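The following block contains the structure:
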């Protein structure tokens, strides 16, 4: 009896489970049509757009213009012929920039007028953010010294250039480059005048024999000629005679020494008057034994100028720094530029 009752209980549970499953399936089937009936309906409405032409309207004209890139200035037409006529005789001197205008960030009116009428291969460029003469020289494959010379700038002036100013870039064949170099070369001849006193001493010695000849009639005056050794004190200039002789083919010269004794501005300016020179291993030295050695791979182009500051600083393409804490030069001291073989290329006496 117990076994039959347990089987009956199991059958009842199975039937109840099947009934629950059937009821659940029927409920799910009844809910699907309701969900599908609630889906949104999409209504498509055709829209036709028409245009009515204006009987009074004329034909449509399209004007196509070319926009110049930033930093390029459009030059007027027939400028080359006008420049050739104007420059058939002599070329006028290139205007220089005013220091006050450089500090204010304004462009010189002379430079603005030059930008509208430039010779062939001389192009104006407006400075943008990050532009420097050294960067422009690399971009246009032009010597940075030519850019500075044509625009009448020094290294100190180039540090005050402002965005929006215009510079003249002298490409190959630009006649302004030759004029600027010629103008600077005429200035480099001035230091040679410091050597002119040495011939004057020779003239004094040639005069002394004449005085001895006249003094032969008066032997007593010959002792008076002995004071002429007082002229031997003039060899206060004789240090120039003890300077080392420069090489016969010297082409790099010391132009000047800027503000000697002032460590903040003291500098030596040298210029290459010949072809390209590799300054690797060259040196500058003074009477006190102070010696500056040029870094490797430092080339100076023809007509190029290089400034060596004695103070601490970072080297640039147109300036080197000695990294000294005290000034190196004083008045009357001689500075010698020697090549890597130790031959003196230029000797300069501090005024």
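Numbering (the working numbering), first residue to last: 62 to 412.
C-beta atoms are modelled at their ideal positions from N, C-alpha and C, and glycine is treated no differently.
Just so it is clear, the structure is predicted and the values come from calculations on it, not from any experiment.
### Message
At the level of alpha carbons, what is the spacing between residue 389 and residue 346?
### Response
9 angstroms
### Task
Taking the CB atoms as reference points, tell me whether residue 393 and residue 408 lie closer together than 8 angstroms.
no
### Task
Go to residue 219, then tell me how far its alpha helix (DSSP H) extends in each direction, as first and last residue.
216 to 219
#### Entry: Collapsed DSSP secondary structure at residue 347 in the structure displayed
strand
### Task
Please check the pair residue 215 and residue 187, which I expect to be a contact at CB under 8 angstroms, by giving their CB distance rounded to whole angstroms.
Not confirmed; about 21 angstroms, so no contact.
### Query
Is the Cβ-Cβ distance between residue 342 and residue 401 less than 8 angstroms?
yes
### Task
Name, in chain order, the residues that DSSP records as bridge partners for residue 227.
187
### Task
Answer yes or no: do residue 211 and residue 378 have a C-beta to C-beta separation smaller than 8 angstroms?
no
### Message
One question on the structure: do residue 208 and residue 231 come within less than 8 angstroms of each other, judged by their Cβ atoms?
### Response
yes
### Query
Taking the C-alpha atoms as reference points, what is the distance between residue 398 and residue 314?
8 angstroms
### Query
Since residue 361 and residue 381 are thought to touch, with beta carbons under 8 angstroms apart, how far apart are those beta carbons, to the nearest angstrom?
Actually they are not in contact, since the Cβ atoms of residue 361 and residue 381 sit about 11 angstroms apart, beyond 8 angstroms.
### Message
Tell me the rounded alpha-carbon separation between residue 104 and residue 190.
### Response
58 angstroms
### Query
Over what stretch of residues does the alpha helix (DSSP H) that includes residue 199 continue unbroken?
194 to 201
### Query
Alpha carbon to alpha carbon, how far is residue 70 from residue 91?
32 angstroms
### Task
Return the CA-CA distance between residue 310 and residue 395, expressed in angstroms with no decimal places.
21 angstroms
### Query
Secondary structure at residue 400, three-state DSSP: helix, strand or coil?
coil
### Query
Is residue 361 helix, strand or coil by DSSP?
strand
### Message
Helix, strand or coil for residue 302? Go by DSSP, reduced to three states.
### Response
Because the pLDDT of residue 302 is 39, which lies under 50, any placement of that residue in the model is unreliable, and the number read from its coordinates should be weighed accordingly. DSSP places residue 302 in coil when its eight states are reduced to three.
### Task
Taking residue 405 as part of the beta strand (DSSP E), name the residues at either end of that continuous run.
405 to 410
### Query
Since residue 352 contacts residue 344 with CB under 8 angstroms, what's their CB separation in whole angstroms?
6 angstroms
### Query
Which of helix, strand or coil does DSSP assign to residue 352?
strand
### Task
Report buried or exposed for residue 225, applying the criterion of at least 16 other Cβ atoms within 10 angstroms of its Cβ.
exposed
### Query
Alpha carbon to alpha carbon, what distance is there between residue 325 and residue 318?
13 angstroms
### Query
If residue 371 and residue 385 are in contact, beta carbons under 8 angstroms, what's the gap, nearest whole angstrom?
5 angstroms
### Query
Do residue 335 and residue 391 have their CB atoms nearer than 8 angstroms?
no
### Query
Using a beta-carbon distance below 8 angstroms, is residue 384 in contact with chain B?
In summary, chain B is missing from the structure at hand, where a single protein chain is found.
### Task
For residue 374, count neighbouring Cβ atoms within 10 angstroms of its own Cβ and tell me buried if that reaches 16, exposed if not.
exposed
### Message
Can you give me the C-alpha to C-alpha distance between residue 376 and residue 406, rounded to a whole angstrom?
### Response
23 angstroms
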